[in-house]
């Protein structure tokens, strides 16, 4: 049995309409300005702000699903509340991609890096039985600034979001 | 004393974080500092108004004019003092 991670911020990734989630070059927040790739910024807004996307469950999926958020910040104090809402939709002409409500909402509190810009991983465990091979997973990653547990007074800088799973 | 709203505090925190290389404080700490500034400003508002009136007597600026004076003065003051 092996563990796999696939990136899930594909072409359909869309920030919400708050204006507090957006993409910008890492050089805007970074100090050394060497690596200028795009990152997703989740501002300290005091509200629940999100980045929506979708991906397909791989052919070799068996179980142990998680969403992994790779992130950092220029802050060294406080915590971030990460939420993931999702719905997995399967079949051919069997299930609607436009259903109301989420299938599951998961939450993870993660503490700011001990030194600014250090790589952080937040791991959000999902319910294995909610997924089947080839399902289209519609999801939204939130920073819940309205949660009392979100105490970091700076933007969270997201480098990648992954779906982790085990195969047979 | 006016209490800064969640939205007002978030706006100020965002501006401060955007101009800071490293943020070593958390929300509660910066919120307390911002509220202290708000409390100071509100407590001194009448005092400063009286000082302006005494300095410009017999001319009296309106409250709206005094607000503009304060805004432009503070903007230049911080520019003069530097970062």
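Residue numbers (the numbering used here), protein chains in the order written: chain A, 1 to 168; chain B, 1 to 83. Don't be surprised by glycine CBs; every beta carbon is placed ideally from N, CA and C.
8 Å Cβ cutoff, residue i in contact with chain A
i: residue 69 (chain B); result: no
i: residue 6 (chain B); result: yes
i: residue 17 (chain B); result: yes
i: residue 10 (chain B); result: yes
i: residue 84 (chain B); result: Nothing in the structure corresponds to residue 84 (chain B), since chain B is present only between 1 and 83.
Test: residue i CB closer than 8 Å to a CB of chain B
i: residue 100 (chain A); result: no
i: residue 43 (chain A); result: yes
i: residue 12 (chain A); result: no
i: residue 31 (chain A); result: yes
i: residue 122 (chain A); result: no
i: residue 40 (chain A); result: no
i: residue 46 (chain A); result: yes
i: residue 94 (chain A); result: no
i: residue 88 (chain A); result: no
Cross-strand partners of residue i (DSSP beta bridge)
i: residue 3 (chain A); result: A:166
i: residue 85 (chain A); result: A:105 and A:140
i: residue 66 (chain A); result: A:125 and A:164
Host alpha helix (DSSP H) of residue i (start-end)
i: residue 155 (chain A); result: First-last for residue 155 (chain A): undefined, no H or E at that position.
i: residue 28 (chain B); result: 27-56
i: residue 88 (chain B); result: The question about residue 88 (chain B) has no answer here: the residues shown for chain B are numbered 1 through 83.
i: residue 169 (chain A); result: The first residue shown for chain A is 1 and the last is 168, placing residue 169 (chain A) beyond what the model contains.
i: residue 78 (chain B); result: 63-81
Boundaries of the beta strand (DSSP E) in which residue i is found, first to last residue
i: residue 51 (chain A); result: 48-56
i: residue 116 (chain A); result: Premise fails: residue 116 (chain A) is in no beta strand (DSSP E) and is neither H nor E.
i: residue 11 (chain A); result: From DSSP, residue 11 (chain A) is part of no beta strand (DSSP E); its letter is neither H nor E.
i: residue 42 (chain A); result: 38-42
How do the segment 102-111 of chain A and the segment 44-59 of chain A stand: do at least 3 beta-carbon pairs fall below 8 Å, yes or no? No: fewer than three Cβ pairs fall under 8 Å.
Relative to chain A, which residues along the segment 22-54 of chain B have a C-beta separation below 7 Å, given in chain order? When C-beta distances to chain A are compared with 7 Å, the residues of the segment 22-54 of chain B below that value are 22, 23, 24, 25, 26, 27, 28 and 30, in chain order.
At a Cβ cut of 9 Å, what residues of the segment 135-168 of chain A count as close to chain B, listed as they run along the chain? Under the 9 Å Cβ criterion, the segment 135-168 of chain A contributes 145, 146, 150, 151, 152, 153, 154 and 155.
Across the segment 154-161 of chain A and the segment 73-93 of chain A, are there enough close Cβ pairs to call them in contact, namely three or more that are closer than 8 Å? In the pairwise beta carbon analysis, the segment 154-161 of chain A is classified as touching the segment 73-93 of chain A: at least three pairs are separated by under 8 Å.
Got a sec: which bits of the segment 52-79 of chain A sit with their beta carbon under 7 Å from any beta carbon on chain B, in order along the chain? For chain B, the residues of the segment 52-79 of chain A that bring a beta carbon within less than 7 Å of one of its beta carbons are 74, 75, 76, 77 and 78, in chain order.
Could you tell me whether the segment 52-72 of chain A touches the segment 132-147 of chain A, using the rule of 3 or more Cβ pairs below 8 Å? Enough Cβ pairs lie closer than 8 Å, so yes.
Output, in sequence order along the chain, the residues in the segment 105-122 of chain A whose CB is closer than 7 Å to any CB in chain B. Going along the segment 105-122 of chain A in chain order, one finds 116 with a Cβ nearer than 7 Å to chain B.
Answer yes if the segment 79-88 of chain A comes into contact with the segment 104-120 of chain A, meaning at least three C-beta pairs across the two stretches below 8 Å, and no otherwise. Taking one beta carbon from each stretch, the segment 104-120 of chain A and the segment 79-88 of chain A have 3 or more pairs nearer than 8 Å; the two touch.
For the segment 29-38 of chain B and the segment 2-12 of chain B, state whether three or more C-beta atom pairs, one from each stretch, are separated by less than 8 Å. Pairwise C-beta distances place the segment 29-38 of chain B in contact with the segment 2-12 of chain B, as three or more of them are shorter than 8 Å.
Indicate whether the contact test is met: 3 or more Cβ pairs, each with one atom in the segment 61-73 of chain A and one in the segment 124-138 of chain A, closer than 8 Å. With contact defined as three or more Cβ pairs closer than 8 Å, the segment 61-73 of chain A and the segment 124-138 of chain A are in contact.
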